[in-house]
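One structure is given here, and the rest of the page talks about it.
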Amino acid sequence: MKKNYLLVGSGSRGIHMFAKPMVDQFKETASLVGLMDINIKRAEAANKILKTNLPVYNDFNKAMKELKIDTVLVATRDSQHVEYIIKSLKAGKDVVTEKPLCIDAAQCKKILKTQKETKKKVYVTHNYRYQPCMMLIKKMLKEGVIGDILFIDFHEKLDRLHGADYFRRWHRVKKNSGGLMIHKSCHCFDLMNWFVDSEPVEVVATGDLVVYGKNGKFRSKRCRGCAHQSKCEFYVDMFPENSEANDLYLNAESEDKYYRDACVYDKEIDIEDIANVLYYYKNGVRVDFSLMAFTTYEGIDIIIEGTKGRLEYSVIHDNSWMAGKVTVHGLASSLGEKLVLYTSEGVKNMEIPKAEGTHGGSDPLLRKDIFIERIPNSPLATLEEGINAVLVGDAANKSIKTGKPVKIKDLRK
Ligand SMILES: NC(=O)c1ccc[n+]([C@@H]2O[C@H](COP(=O)([O-])OP(=O)(O)OC[C@H]3O[C@@H](n4cnc5c(N)ncnc54)[C@H](O)[C@@H]3O)[C@@H](O)[C@H]2O)c1
Numbered sequence: 154m155k156k157n158y159l160l161v162g163s164g165s166r167g168i169h170m171f172a173k174p175m176v177d178q179f180k181e182t183a184s185l186v187g188l189m190d191i192n193i194k195r196a197e198a199a200n201k202i203l204k205t206n207l208p209v210y211n212d213f214n215k216a217m218k219e220l221k222i223d224t225v226l227v228a229t230r231d232s233q234h235v236e237y238i239i240k241s242l243k244a245g246k247d248v249v250t251e252k253p254l255c256i257d258a259a260q261c262k263k264i265l266k267t268q269k270e271t272k273k274k275v276y277v278t279h280n281y282r283y284q285p286c287m288m289l290i291k292k293m294l295k296e297g298v299i300g301d302i303l304f305i306d307f308h309e310k311l312d313r314l315h316g317a318d319y320f321r322r323w324h325r326v327k328k329n330s331g332g333l334m335i336h337k338s339c340h341c342f343d344l345m346n347w348f349v350d351s352e353p354v355e356v357v358a359t360g361d362l363v364v365y366g367k368n369g370k371f372r373s374k375r376c377r378g379c380a381h382q383s384k385c386e387f388y389v390d391m392f393p394e395n396s397e398a399n400d401l402y403l404n405a406e407s408e409d410k411y412y413r414d415a416c417v418y419d420k421e422i423d424i425e426d427i428a429n430v431l432y433y434y435k436n437g438v439r440v441d442f443s444l445m446a447f448t449t450y451e452g453i454d455i456i457i458e459g460t461k462g463r464l465e466y467s468v469i470h471d472n473s474w475m476a477g478k479v480t481v482h483g484l485a486s487s488l489g490e491k492l493v494l495y496t497s498e499g500v501k502n503m504e505i506p507k508a509e510g511t512h513g514g515s516d517p518l519l520r521k522d523i524f525i526e527r528i529p530n531s532p533l534a535t536l537e538e539g540i541n542a543v544l545v546g547d548a549a550n551k552s553i554k555t556g557k558p559v560k561i562k563d564l565r566k
């Protein structure tokens with residue numbers, strides 16, 4: 154049955170993950186009926202980019218009243234997800250929200266309560282699960298290829314192009330994004346929750362801001378017109394003539410003062426750029442996780458140690474295409490991706506499944522799951538799974554702040 158969707162948050166992700174594919178590819182099953190954004194100029198810019206003439210709103214209630222909607226797609230900044238999820242559920246609509254579900258345990262509780270009252274559906278687009286290699290790892294774990302999991306060692310490294318971008322805009326303030334432990338690491342926590350298939354119990358973490366923010370020797374408001382351009386390694390010119398970034402951000406600034414190229418050395422930055430997180434699950438699996446957002450090369454290393462073997466995954470990304478651009482698509486190309494299985498029978502280099510499209514091939518598969526029909530063994534994250542990812546990140550944030558371990562059950566109370 155064809156469904157009607159309202160997009161709330163018509164920024165780059167909303168446009169490229171949902172709106173454009175709906176308009177271009179999924180016309181048979183999905184109809185985009187309107188664009189809502191707190192910044193009306195950005196909603197209008199979305200119409201221009203999409204080459205559509207959809208109704209635009211900066212008033213959610215008005216959009217809900219005027220349009221016939223089945224499902225609300227939420228792609229605003231992270232801290233605002235909660236507001237639109239709850240309003241949509243109360244209006245009797247299903248919700249598909251971008252990750253993270255929300256930014257802390259208190260917001261999780263409100264969403265869960267409303268979902269139970271309304272019985273409408275909430276799905277979270279944890280796209281990392283859909284990367285073909287991650288689906289292969291999940292399958293191997295389920296088949297018991299390495300026995301029972303005992304330990305996961307997971308390290309995410311974001312480079313000075315992609316990583317720095319989180320320090321240019323709203324993500325850089327905890328009250329907007331929950332910091333990188335929520336905004337970024339929720340991908341990794343969700344992936345591990347999914348692999349381990351158990352509930353996280355207790356988290357201890359440390360974190361710091363060692364490169365961006367207060368660490369800069371000079372600073373300005375933004376890159377555009379900055380006097381330090383020639384000596385700043387993080388300088389970017391994000392607004393070449395006729396670029397999408399001009400329509401979406403530069404020309405919409407007058408409404409909300411959202412500078413897409415704000416200075417990475419701004420002293421308002423209060424999120425960590427490095428963190429170490431240790432935690433364990435009900436079934437005993439232990440995790441050693443780290444995140445850095447300033448590395449020379451970007452990549453991920455995962456080791457999963459089981460009772461009968463070990464899986465080692467690693468990838469290095471080439472983000473050089475991103476230099477000076479707005480990171481709209483997550484098109485990092487791989488400089489090498491490896492999955493190795495170690496068992497008593499020897500060492501086997503696994504064939505890496507083919508992946509096509511953004512975010513390692515995950516986005517197109519996730520869209521099919523949402524807009525056409527669920528694929529067999531669909532990994533689409535439920536509300537409870539979205540909550541569990543946020544809870545690990547929130548526990549890490551609280552542990553970083555207090556220096557103490559945090560029990561997940563205390564966050565659920
Ligand atoms: N799954 C992924 O791989 C992935 C990748 C990128 C972004 N995201 C998520 O997508 C969402 C959007 O990120 P983005 O990169 O497009 O950011 P963006 O800044 O480009 O877009 C966010 C939009 O939200 C709007 N907005 C802010 N406050 C609002 C409010 N109160 N009401 C309505 N609209 C509001 C802004 O005006 C902006 O248009 C975030 O939740 C982010 O975490 C997910």
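Residue numbering for the sequence shown follows my numbering, beginning at 154 and increasing consecutively. All residues carry an ideal CB built from backbone N, CA and C; glycine is no exception.
Ligand 1 and residue i: does the residue's C-beta get closer than 7 Å to at least one heavy atom of that ligand?
i, result
"glycine 297", "no"
"leucine 191", "Residue identity check: residue 191 is isoleucine in the sequence provided, not leucine. Isoleucine 191: yes, Cβ under 7 Å from ligand 1."
"glycine 514", "no"
"asparagine 280", "yes"
"tryptophan 347", "no"
"alanine 415", "no"
"aspartate 231", "yes"
"valine 161", "yes"
"alanine 228", "yes"
"arginine 565", "no"
"glycine 556", "no"
"arginine 166", "yes"
"histidine 336", "yes"
"arginine 322", "yes"
"arginine 520", "no"
Which residues bound the alpha helix (DSSP H) around residue i?
i, result
"valine 417", "Note, valine 417: premise wrong, no alpha helix (DSSP H); not H, not E."
"threonine 267", "258-271"
"glutamate 408", "406-409"
"glutamate 197", "193-203"
"valine 176", "173-177"
"isoleucine 290", "285-295"
"alanine 317", "315-318"
"methionine 334", "333-336"
"glutamate 397", "397-401"
When DSSP builds the beta bridges, which residues end up paired with residue i?
i, result
"proline 353", "Tyr434"
"glycine 499", "Thr496"
"threonine 224", "Tyr158 and Asp247"
"arginine 439", "Phe304 and Tyr433"
"tyrosine 276", "Val249 and Thr535"
"glycine 360", "Ala428"
"lysine 491", "Ser467"
"leucine 444", "Glu309 and Ala428"
"glycine 459", "Ile302"
"valine 389", "DSSP lists no partner for valine 389."
"valine 235", "Its beta-bridge partners do not exist; DSSP assigns none."
"aspartate 454", "His308 and Ser467"
"valine 559", "Val356"
"arginine 375", "Ala415"
May I ask which residues mark the beginning and end of the beta strand (DSSP E) holding residue i?
i, result
"phenylalanine 524", "No beta strand (DSSP E) holds phenylalanine 524; the alpha helix (DSSP H) holding it covers 515-524."
"arginine 463", "462-471"
"leucine 311", "302-312"
"asparagine 211", "Premise fails: asparagine 211 is in no beta strand (DSSP E) and is neither H nor E."
"methionine 189", "183-189"
"threonine 449", "No beta strand (DSSP E) holds threonine 449; DSSP gives it neither H nor E."
Going by beta-carbon coordinates alone, are residue i and residue j separated by less than 8 Å?
i, j, result
"phenylalanine 348", "isoleucine 457", "yes"
"glutamine 178", "alanine 508", "no"
"aspartate 423", "valine 326", "yes"
"leucine 401", "alanine 198", "yes"
"isoleucine 335", "isoleucine 238", "no"
"arginine 166", "glutamate 236", "no"
"tyrosine 365", "aspartate 318", "no"
"glutamate 451", "histidine 470", "yes"
"tyrosine 158", "leucine 185", "yes"
"alanine 358", "serine 552", "yes"
* Any 3 or more C-beta pairs closer than 8 Å across the segment 516-527 and the segment 273-286 -> yes
* Asked: With a cut-off of 8 Å, do at least 3 Cβ pairs link the segment 384-398 to the segment 407-421?
  -> yes
* Three CB pairs or more closer than 8 Å across the segment 185-194 and the segment 154-173 -> yes
* **contact_flag[the segment 368-385, the segment 286-293] where n(CB pairs < 8 Å) is 3 or more** => no
* Counting pairs of beta carbons, one from the segment 527-538 and one from the segment 327-339, are three or more of them closer than 8 Å? -> no
* To do: Decide if the segment 244-259 is in contact with the segment 220-232; the criterion is three or more beta carbon pairs, one per stretch, under 8 Å apart.
  => yes
* Is the segment 308-323 touching the segment 537-552, taking contact as three or more C-beta pairs under 8 Å? -> no
* Okay, do the segment 342-362 and the segment 433-453 touch, 3+ Cβ pairs below 8 Å being the bar? -> yes
* Okay, do the segment 441-449 and the segment 295-308 touch, 3+ Cβ pairs below 8 Å being the bar? -> yes
* Would you call the segment 489-500 and the segment 462-474 touching, i.e. three or more CB-CB distances under 8 Å? -> yes
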